[in-house]
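Written below as structure tokens is the structure these notes are about.
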Amino acid sequence: GNSVTQMEGPVTLSEEAFLTINCTYTATGYPSLFWYVQYPGEGLQLLLKATKADDKGSNKGFEATYRKETTSFHLEKGSVQVSDSAVYFCALISGTYKYIFGTGTRLKVLA
Amino acid sequence: NAGVTQTPKFQVLKTGQSMTLQCAQDMNHEYMSWYRQDPGMGLRLIHYSVGAGITDQGEVPNGYNVSRSTTEDFPLRLLSAAPSQTSVYFCASSYSGPRGGGGYTFGSGTRLTVV
Numbered sequence: 021g022n023s024v025t026q027m028e029g030p031v032t033l034s035e036e037a038f039l040t041i042n043c044t045y046t047a048t049g050y051p052s053l054f055w056y057v058q059y060p061g062e063g064l065q066l067l068l069k070a071t072k073a074d075d076k077g078s079n080k081g082f083e084a085t086y087r088k089e090t091t092s093f094h095l096e097k098g099s100v101q102v103s104d105s106a107v108y109f110c111a112l113i114s115g116t117y118k119y120i121f122g123t124g125t126r127l128k129v130l131a
Numbered sequence: 048n049a050g051v052t053q054t055p056k057f058q059v060l061k062t063g064q065s066m067t068l069q070c071a072q073d074m075n076h077e078y079m080s081w082y083r084q085d086p087g088m089g090l091r092l093i094h095y096s097v098g099a100g101i102t103d104q105g106e107v108p109n110g111y112n113v114s115r116s117t118t119e120d121f122p123l124r125l126l127s128a129a130p131s132q133t134s135v136y137f138c139a140s141s142y143s144g145p146r147g148g149g150g151y152t153f154g155s156g157t158r159l160t161v162v
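Chains as they are written, first to last, in the numbering used here: chain A, 21 to 131; chain B, 48 to 162.
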């Protein structure tokens, strides 16, 4: 079946450090891939998405590239800020209107 | 403000009690879903709806009931609360389904504790 695997957290970084959060997936067909962010006390917000192989999604300085050969969709940001502290969820949808979410990765950025 | 509104934000129930979690959206979205979020397990789909009068089960439907009489509202009913239903519940909606450009819009959640 379809599944998403994210790296275990928490990830703790200093401000302006480079961020990578790994995400790999298993899916039949050609899934669309998403990153959502959840700030404390809030619901999830769509951060970026990619719908086909080699697509790059980007938003707010975050990027992720859909790599079909490695079944990956790693989230990156060149310089993180304290305000980026949140939980990040990788997700996919394949052939249905139901999301499959990863377990989430908590990011803590220190000033 | 346009969006997904969930009520209540917090609720404590005794085992065996029933209650309804409310979800309303004013964006004319056809697709609506309920998820529960538990530590270390991400979000799991409880029930979803692709339009008024149409609902279906997700991964973890047992103990929950839904109906969709209008496009705007998608309430989630707990029939007889159990401690295993202690969780944070999120309602989400989408105009064209998750494949659409905007993805899902999530409410801010209901934190439910069953004692």
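Just so you know, even glycine gets a beta-carbon here, dropped at the ideal spot from N, CA and C. Small disclaimer: the values here were computed from a predicted structure and weren't measured.
- At a cut-off of 8 Å between beta carbons, GLY124 of chain A contacts chain B.
- With a threshold of 8 Å between beta carbons, LYS72 of chain A makes no contact with chain B.
- The shortest CA-to-CA distance from CYS70 of chain B to any of B:LEU123, B:SER143 and B:ALA128 is the one to B:LEU123.
- Short of 8 Å from the beta carbon of GLU83 of chain A, and not among the five residues preceding or following it, lie these beta carbons of its own chain, in chain order: LEU68, LYS76, GLY77, LEU95, GLU96 and LYS97.
- Beta-bridge partners of ILE101 of chain B (DSSP): B:GLY98.
- Its Cα nearest to that of VAL57 of chain A, the residue B:TYR151 stands out among B:THR157, B:VAL162, B:TYR151 and B:THR160.
- Minimum Cα-Cα distance from ALA131 of chain A among the listed residues A:TYR108, A:SER99, A:PHE109 and A:GLY21 corresponds to A:SER99.
- Counting along the chain, LEU125 of chain B sits inside the beta strand (DSSP E) bounded by residues 123-125.
- Inter-residue distance for LEU60 of chain B and SER155 of chain B is about 20 Å (C-alpha atoms, whole angstroms).
- Under the 8 Å criterion on CB atoms, TYR95 of chain B is classed as interfacial with respect to chain A.
- In terms of beta-carbon proximity, MET79 of chain B stays away from the interface with chain A, with every pair separated by 8 Å or more.
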